[in-house]
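Peer 1: Position in the sequence shown (from 1) plus 2 gives the number in our numbering.
Beta carbons: idealized from backbone N, C-alpha and C, even for Gly.
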Amino acid sequence: MTVEVTSNVVCDTVTLYPGLNLISFDVQPGDPSLESIFADQILDGSLNAIFGRGPTGGIVIFDPLLIPFPGLNTLTEVEPGRGYYVRIYTSADTTDLIVCGDPIDPNLKVALNATWNIVGYIPQVSTTPEIYFEDLYGPPVPPVDILQIARGFTGGTSGTFQFFDPVLAPFPGLNTLTSIDNGFGYELRVNQAVSEGGWLIDPNGDEKVFQPFVSDQYTVVAATSNLSDKYVGELVSILTPNGKIVGEMEILPGGLLKTCPIYGDDTYSKQKGV
Numbered sequence: 003m004t005v006e007v008t009s010n011v012v013c014d015t016v017t018l019y020p021g022l023n024l025i026s027f028d029v030q031p032g033d034p035s036l037e038s039i040f041a042d043q044i045l046d047g048s049l050n051a052i053f054g055r056g057p058t059g060g061i062v063i064f065d066p067l068l069i070p071f072p073g074l075n076t077l078t079e080v081e082p083g084r085g086y087y088v089r090i091y092t093s094a095d096t097t098d099l100i101v102c103g104d105p106i107d108p109n110l111k112v113a114l115n116a117t118w119n120i121v122g123y124i125p126q127v128s129t130t131p132e133i134y135f136e137d138l139y140g141p142p143v144p145p146v147d148i149l150q151i152a153r154g155f156t157g158g159t160s161g162t163f164q165f166f167d168p169v170l171a172p173f174p175g176l177n178t179l180t181s182i183d184n185g186f187g188y189e190l191r192v193n194q195a196v197s198e199g200g201w202l203i204d205p206n207g208d209e210k211v212f213q214p215f216v217s218d219q220y221t222v223v224a225a226t227s228n229l230s231d232k233y234v235g236e237l238v239s240i241l242t243p244n245g246k247i248v249g250e251m252e253i254l255p256g257g258l259l260k261t262c263p264i265y266g267d268d269t270y271s272k273q274k275g276v
């Protein structure tokens with residue numbers, strides 16, 4: 003008996019513009035590390051940083067300058083169905099990022115946490131926000147009222163954010179995000195956790211993990227200290243002048259303090275940050 007093994011590897015080309023980009027992939031590479039995927043951009047020095055959202059909606063970051071310091075980068079690899087902000091510094095008009103791997107199921111919709119998320123769009127054929135997010139808002143009885151806002155970004159130094167507000171959906175022309183396209187990512191704010199799949203409501207209805215305040219406005223910091231290795235794994239609190247804790251940094255070997263985002267006011271909910 004002869005067994006023939008065929009490869010299902012395909013390649014995805016994502017266009018990067020100088021400046022900020024909001025992207026996603028429709029393949030999962032064999033090596034999902036950002037060091038591998040963005041090896042060329044790291045080598046030529048054009049990659050500034052990559053940002054994603056973690057399990058509780060907080061910002062996670064990959065900065066190529068932090069590669070020599072294990073543990074400082076809080077984002078290290080891509081996850082199927084997620085989207086990422088990528089900032090590129092280059093004189094080229096565009097850069098083609100080619101990623102090869104196993105095709106991702108175009109029906110995949112990742113789990114959402116009850117705040118900010120960045121999702122990818124895997125299908126090849128574009129659709130509208132009204133269709134893609136229909137399980138998160140709309141007219142069923144009782145009405146679904148989970149999606150608060152969705153936004154995309156056109157990419158580049160002159161790129162702009164485009165918004166889809168479900169409240170404005172009945173009024174054509176008011177929403178600026180009108181198309182959901184392959185290769186792009188979309189940042190969503192939802193008011194409760196949603197399970198993976200068809201974006202059905204989590205039947206348990208509550209959060210599985212503690213969720214600190216996060217927002218769409220943030221500054222990411224890393225630091226060094228003179229703390230000895232006996233403190234590795236413990237946390238250093240970041241305080242405002244009036245004593246409010248606004249972040250915590252894990253102590254790493256060598257006195258390094260793990261990268262931590264500090265959040266400002268949330269644009270949508272108006273909750274106050276730092």
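Starting from Ile120, follow the alpha helix (DSSP H) in both directions and report where the run begins and ends.
Peer 2: It is not in any alpha helix (DSSP H) - Ile120 instead sits in the beta strand (DSSP E) that spans 118-122.
Peer 1: Just confirm the distance between the C-beta atoms of Leu170 and Tyr87, as a whole number of angstroms; I'd bet it's less than 8 Å.
Peer 2: Leu170 to Tyr87, Cβ: 24 Å. No contact.
Peer 1: Start and end of the alpha helix (DSSP H) containing Asp42?
Peer 2: Where Asp42 is concerned, the enclosing alpha helix (DSSP H) stretches over 41-45.
Peer 1: Taking the alpha-carbon positions, what's the Thr178 to Phe166 distance?
Peer 2: Each residue's alpha carbon lies about 6 Å from the other.
Peer 1: When you compare the CB positions of Ile253 and Leu229, do they come within less than 8 Å of one another, or not?
Peer 2: In this structure, Leu229 lies closer than 8 Å to Ile253 by Cβ.
Peer 1: For the alpha helix (DSSP H) that contains Pro131, what are its first and last residues?
Peer 2: 131-134
Peer 1: Could you check the C-alpha separation between Asp65 and Leu138 for me, to the nearest Å?
Peer 2: 33 Å
Peer 1: In chain order, what residues of the same chain have a beta carbon less than 7 Å from the beta carbon of Pro125, not counting five sequence neighbours either side?
Peer 2: Pro108, Asn184
Peer 1: Please report the straight-line C-alpha distance between Gly192 and Gln150, rounded to a whole angstrom.
Peer 2: Sequence inspection shows Val at residue 192; the Gly mentioned does not correspond to that position. Cα to Cα, the separation comes out at about 5 Å.
Peer 1: Which one of Thr129, Asp28, Ala113, Leu241 has the shortest CA to CA distance from Gly59?
Peer 2: Ala113
Peer 1: Hey, quick one: how far does the beta strand (DSSP E) through Asp104 stretch, first residue to last?
Peer 2: Following the DSSP letters along the chain, one finds Asp104 inside the beta strand (DSSP E) bounded by residues 97-105.
Peer 1: Would you mind stating whether Gly85 and Gln30 have Cβ atoms separated by less than 8 Å?
Peer 2: no
Peer 1: Could you compute how far the alpha carbon of Lys260 sits from the alpha carbon of Glu132?
Peer 2: Roughly 39 Å between the two C-alpha positions.
Peer 1: For the candidate residues Leu241, Gly175, Tyr19, Val196, whose alpha-carbon lies nearest to that of Leu49?
Peer 2: With distances taken between Cα atoms, Leu49 lies closest to Tyr19.
Peer 1: Taking just the CA atoms, how far does Thr76 sit from Leu237?
Peer 2: 15 Å
Peer 1: Which value, in whole angstroms, describes the spacing of the CA atoms of Asp231 and Tyr220?
Peer 2: If I take the Cα positions, the gap works out to 29 Å.
Peer 1: From Gly256 to Gly249, what distance separates their C-alpha atoms?
Peer 2: If you take the alpha carbons of Gly256 and Gly249, they lie about 21 Å apart.
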